[in-house]
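Engineer:
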Amino acid sequence: MKKLSLIIPAYNEEEVLPQLIERLNEVSQHLSNYQFQFLFINDGSSDNTLELLKELNKKDKRMQYVDLSRNFGKETAMLAGFDYANGDGIVILDADLQHPPEVIEEMINWWEQGYEDVYAVRKKREGETFFKIWTSKLYYKIVQKMTPEKVIPQAGDFRLLDKKCIYALRQLREKERYTKGMYGWIGFKKKEITYFAEERAAGETKWKWSNLFKLAIDGITSYSTVPLKVWSYIGFTISVLAFIFLAVETIKTIVFGTDAAGYPTLLAAILFLGGIQLISLGVIGEYLGRVFVETKGRPAYFIRESSEFDESEKEENE
Ligand code: UDP
Ligand code: MG
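Rendered as structure tokens:
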């Protein structure tokens, strides 16, 4: 019997857990040909999430948990999930039921046909503002242009990965993670399906405006060196334009004589170049910061405790 592991990162999700468990139970009953592991990653919740998870584990050994030592963020929580999940197929699922677990059945069908990464693309996003949808569309367009690997728009972490993919993902241990880019980078046989996203079933989103900016920068800088290189082109173009401008001005002065005007152009040129220099310094800083974080070679996360795993099932956990 094949085993499916569901990785569910949970950060302050006490309100939604009961509903989630109900839905997961229904789905697992329906898919009785498979063995299930529900692996919750408690990402430093400050509410009763952990207590709930422990109770669940007592009642049902399929419900397992890993308790991280603090809040590391969803990307790192997923890495912990990759390390501890031991199924033949692994599904990543949000705790808030925005990823309807019923879709898993369709994912399994494709997986059984030999696809190794079945990812779900969201069709409609209920309860999301026009602005969030628009900014995310724009962002994906930019990422597509800049990165060598394909990042599929609207495809999130909701997907079924074969254990081959999980072995690969376990080896990508960078700390500033952008998992959406990794799925493309590791390769393997992919299949796209669609689903309708629902509104968060209960509790509050942990998503903040500042996240958008951070995720955008992480997404681009962890997969692309275009922002580092583009400055030489911009600098070159500006220098050429400045040289032409200078030549024109010189000729004008020779032919028509000079007057003391020209402060606005001077100031504009200085401020413009100053701005460009600051931006390019910032870009280098982003990459340097990344190098700094990675060279420290710290583990990506620590765990406080976990439910009991079958020793034979446990794989190199960090
Ligand atoms: N999450 C997490 N750590 C965090 C923030 C979120 O593990 O620091 C989990 C959260 O519990 C949920 C998933 O990531 O299962 C998606 O979070 P959320 O629904 O808040 O984000 P949104 O869907 O609004 O983008
Ligand atoms: Mg959500």
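In our numbering, the protein residues as written are 6 to 323.
Just so you know, even glycine gets a beta-carbon here, dropped at the ideal spot from N, CA and C.
Just so it is clear, the structure is predicted and the values come from calculations on it, not from any experiment.
(1) Using the C-alpha atoms, what's the distance from F277 back to F4?
(2) Ignore the nearest five residues each way along the sequence and tell me which others in V298's own chain have a CB closer than 7 Å to its CB.
(3) Taking the beta strand (DSSP E) that Q103 belongs to, which residues open and close that run?
(4) Could you tell me whether the Cβ atoms of F43 and L9 are closer together than 7 Å?
(5) Starting from the Cα of Y144, find the closest Cα among L217, V253, L22 and G290 and give me that residue.
(6) Any idea what DSSP makes of D223, helix, strand or coil?
(7) Which residues mark the beginning and the end of the alpha helix (DSSP H) in which L251 is found?
(8) Sort L165, P304, A85 and Y172 by Cα distance to G119 and report the nearest one.
(9) With distance defined between alpha-carbon atoms, name the residue in M6, K142 and D48 nearest to G94.
(10) DSSP three-state label for L166, please.
(11) To the nearest whole angstrom, what separates the beta carbons of A85 and V96, a pair I think is in contact under 8 Å?
(12) State yes or no: is the C-beta of K211 nearer than 6 Å to some heavy atom of the ligand UDP?
(13) Could you pull out every unbroken beta strand (DSSP E) segment of at least 3 residues lying fully inside the stretch 261-312, listed in chain order?
(14) Going by DSSP in three states, V108 sits in which element: helix, strand or coil?
(15) Give the DSSP-derived three-state secondary structure of L177 in the structure shown.
(16) By the three-class DSSP mapping on this structure, what secondary structure does M6 have?
(17) Terminal residues of the continuous beta strand (DSSP E) containing Q42?
(18) Looking at C-alpha atoms only, which residue of S312, T230, F314 and F307 is the closest neighbour of G78?
(19) What is the DSSP secondary structure of A85, counted as helix, strand or coil?
(20) When you compare the CB positions of V148 and G49, do they come within less than 7 Å of one another, or not?
(21) Are the beta-carbon atoms belonging to T226 and M83 less than 7 Å from one another?
(22) Is P14 near the ligand UDP, with its Cβ less than 6 Å from a heavy atom?
(23) Would you report the Cα separation of I289 and M187, rounded to the nearest angstrom?
(24) Can you name the start and end residues of the alpha helix (DSSP H) that Y188 belongs to?
(25) Return helix, strand or coil for Q118, following the three-state DSSP convention.
(26) State buried or exposed for V108, treating a residue as buried only when at least 16 other CB atoms are found within 10 Å of its CB.
(27) Less than 6 Å separating the Cβ of A100 from some heavy atom of the ligand UDP?
(28) What are the partner residues of M68, as DSSP defines its beta bridges?
(29) Could you pull out every residue in the same chain whose Cβ sits closer than 8 Å to the Cβ of L55, ignoring the five residues on either side in sequence?
(30) Would you check whether the ligand UDP has a heavy atom nearer than 6 Å to the C-beta of A90?
(31) Measure the C-alpha to C-alpha separation of G1 and S237 and round it to an integer number of angstroms.
(32) Determine the DSSP secondary structure at R28, reduced to helix, strand or coil.
Structural biologist: Well, looking at it:
(1) This structure leaves residue 4 out entirely; the chain is present only between 6 and 323.
(2) The residue given as residue 298 occupies position 293 in the sequence shown. Closer than 7 Å at Cβ, skipping near neighbours: K180 and E181.
(3) By 1-based counting over the sequence shown, the position of residue 103 is 98. It is not in any beta strand (DSSP E) - Q103 carries neither H nor E in the DSSP assignment.
(4) In the sequence shown, the residue the question calls residue 43 occupies position 38. In the sequence shown, the residue the question calls residue 9 occupies position 4. No, the Cβ-Cβ distance between F43 and L9 is not below 7 Å.
(5) Within the sequence shown, the letter at position 139 stands for residue 144. Nearest neighbour of Y144 by Cα position, chosen from L217, V253, L22 and G290, turns out to be L217.
(6) As a first step, residue 223 is located in the sequence shown; it is residue number 218 there, counting from the start. In the structure shown, D223 sits in a helix (DSSP, three-state: H, G or I).
(7) Residue numbering aside, residue 251 sits at position 246 when the sequence shown is read from its first letter. Looking at the DSSP string, the run of the alpha helix (DSSP H) that includes L251 is V231 to F261.
(8) One-based indexing of the sequence shown puts residue 119 at position 114. It is L165 whose Cα lies nearest to the Cα of G119.
(9) Here residue 94 corresponds to residue number 89 of the sequence shown, with the count starting at 1. For G94, the nearest C-alpha among the options comes from M6.
(10) In the sequence shown, the residue the question calls residue 166 occupies position 161. In the structure shown, L166 sits in a strand (DSSP, three-state: E or B).
(11) In the sequence shown, the residue the question calls residue 85 occupies position 80. In the sequence shown, the residue the question calls residue 96 occupies position 91. Incorrect: roughly 16 Å between the Cβ atoms, too far for contact.
(12) Against the sequence shown, residue 211 aligns to sequence position 206. At least one heavy atom of the ligand UDP lies closer than 6 Å to the C-beta of K211.
(13) Segments of the beta strand (DSSP E) lying fully in the stretch 261-312: 308-311.
(14) Against the sequence shown, residue 108 aligns to sequence position 103. The three-state reading of DSSP puts V108 in helix, counting H, G and I together.
(15) For the purposes of this step, residue 177 is identified with residue 172 of the sequence shown, where counting begins at 1. Of the three classes helix, strand and coil, the one that applies to L177 here is coil, per DSSP.
(16) In the sequence shown, residue 6 corresponds to position 1, counting from 1. DSSP places M6 in coil when its eight states are reduced to three.
(17) Numbered from its first residue, the sequence shown carries residue 42 at position 37. Q42 -> beta strand (DSSP E) spans Q40 to N47.
(18) Locating residue 78 in the sequence shown gives position 73, where the first residue counts as 1. Checking every option, the nearest Cα to that of G78 belongs to F307.
(19) Walking along the sequence shown from the start, residue 85 turns up at place 80. Helix, per DSSP.
(20) Residue 148 sits at position 143 when you count from the first residue of the sequence shown. Residue 49 sits at position 44 when you count from the first residue of the sequence shown. Taking C-beta atoms as the reference points, V148 and G49 fail to come closer than 7 Å.
(21) What you label residue 226 is simply residue 221 of the sequence shown in a count that begins at 1. What you label residue 83 is simply residue 78 of the sequence shown in a count that begins at 1. For T226 and M83, no; Cβs fall outside 7 Å.
(22) As a working mapping, residue 14 is identified with position 9 in the sequence shown. P14 Cβ: within cutoff of the ligand UDP.
(23) The count along the sequence shown starts at 1 and reaches residue 289 at position 284. The count along the sequence shown starts at 1 and reaches residue 187 at position 182. Those two C-alpha atoms are separated by around 22 Å.
(24) Stepping through the sequence shown from its first residue, residue 188 is reached at position 183. The continuous alpha helix (DSSP H) containing Y188 extends over residues T184 to I191.
(25) Looking up residue 118 in the sequence shown gives position 113. Look at Q118 here: in three-state DSSP terms it is coil, with no helix or strand label.
(26) Here residue 108 corresponds to residue number 103 of the sequence shown, with the count starting at 1. With 16 or more Cβ atoms within 10 Å of its Cβ, V108 is classed as buried.
(27) The count along the sequence shown starts at 1 and reaches residue 100 at position 95. Answer for A100: yes, Cβ within range of the ligand UDP.
(28) Counting from one through the sequence shown, the residue named residue 68 turns up at place 63. According to DSSP, M68 bridges with F43.
(29) Walking along the sequence shown from the start, residue 55 turns up at place 50. Non-local beta-carbon contacts of L55 in its own chain, meaning distances under 8 Å to residues more than five positions away in sequence, involve N47, Y70 and D72 in chain order.
(30) Along the sequence shown, read from residue 1 onward, the residue named residue 90 stands at position 85. Every heavy atom of the ligand UDP is 6 Å or more from the Cβ of A90, so no.
(31) Past the boundaries of the shown model lies residue 1; the chain is included only from 6 to 323, so the question cannot be answered.
(32) Here residue 28 refers to the residue found at position 23 when the sequence shown is read from its first residue. Correct three-state label for R28: helix.
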